[in-house]
Each structure stands twice: as C-alpha cells, then as structure tokens.
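Residue numbers (this note's numbering): 2 to 155.
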C-alpha cells in the first residue's frame, strides 16, 4: 500500500548523505540502510495526513524508545533535524563550521518538549537519524570549507 505521504517530494536536494565522490540523496541513503537496519513495518496511524515533522507534531513520530520509525517516518525525522540545523546555521556568522553549529545548538537548548533543539537531540538517539544528519552536516561544512579555500587561493 502506498502512503500518500511517500508520494510527496522531499526538499533535501542541497544535502549530501554520501561522500564527495559518491553523493547520495536521502532516499538512496535510507535504501542502503534497509540492508542492515530493521525499520518499523507496522501501521502508522500517527502519520495520517502529516507530510512533514514539525515542532508541533514531533512527538507523534518520535516516541521515548525511538523504535517505531519506518523508512518513511525516519526520512521525515531526518528532514526535520536538518531544518533545525538550517535554522541554527542561519544565525551563525560565516563561515559555518560544525563547531559553530554545535555551539549554537547548545546555546539554543532548553529541556522543554516544544524546543526544537531538545527535539533534535531526542531524534539523534536513533542510529540512522544520527548517521544521516551527521553525514549531511559534515558534507555541508566540508563543502563550505572547500569553497572558502578555493576563494583564498584565487
């Protein structure tokens, strides 16, 4: 059965979940993970008509155990975490580095369910979410550093 949410296109075009040599889209990254990770395959009534994770509906998707993420919802949670990173990075003085992102996340943290950084940390307990987000952020920061290096050498 095809879920209508699956049919919607994801806006993760600027993120690379692979390497510089072998870039991967989010869908490709998750497809590769299905070979070694068991995603939740049961009914997902909590998804209903949601096409993305937001701070308002985060806990519909992310339970305390983080053991009921399907391929679809895992991708949605990864996208949400990356949106938190993007919001955080937009407030950082250039150039954006992983250290600056981590510092900004720490500064924005509050132990409150409605806090996006609290939710980000909650989601990062899932191994596939953590790997995807960390890979995408590493690639983003490495690309920024490479562009800065090319400009300095010009």
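Note that beta-carbon positions come from the ideal geometry of N, C-alpha and C, so glycine has one too.
Taking just the CA atoms, how far does residue j sit from residue i?
i, j, result
"residue 23", "residue 96", "25 angstroms"
"residue 3", "residue 50", "For residue 3, the pLDDT reaches just 33, beneath the cut-off of 50, and the residue's location in the model is therefore unreliable, leaving the point undetermined."
"residue 45", "residue 66", "16 angstroms"
"residue 30", "residue 106", "25 angstroms"
"residue 57", "residue 115", "7 angstroms"
"residue 18", "residue 98", "17 angstroms"
"residue 20", "residue 111", "33 angstroms"
"residue 78", "residue 94", "27 angstroms"
When the distance is taken between beta carbons, is residue j closer than 8 angstroms to residue i?
i, j, result
"residue 28", "residue 71", "no"
"residue 47", "residue 62", "yes"
"residue 134", "residue 83", "yes"
Could you spell out the range, first to last residue, of the alpha helix (DSSP H) harbouring residue i?
i, result
"residue 123", "117-124"
"residue 94", "Segment: none, residue 94 is in no alpha helix (DSSP H) and carries neither H nor E."
| said: Does the region 93-109 come into contact with the region 28-47, if we say contact requires no fewer than three beta-carbon pairs (one atom in each stretch) closer than 8 angstroms? | reply: Contact between the region 93-109 and the region 28-47 is absent, because fewer than three Cβ pairs lie under 8 angstroms.
| In chain order, which alpha helix (DSSP H) runs of at least 4 residues are fully inside the region 58-85? | Qualifying alpha helix (DSSP H) stretches, in chain order: 59-62.
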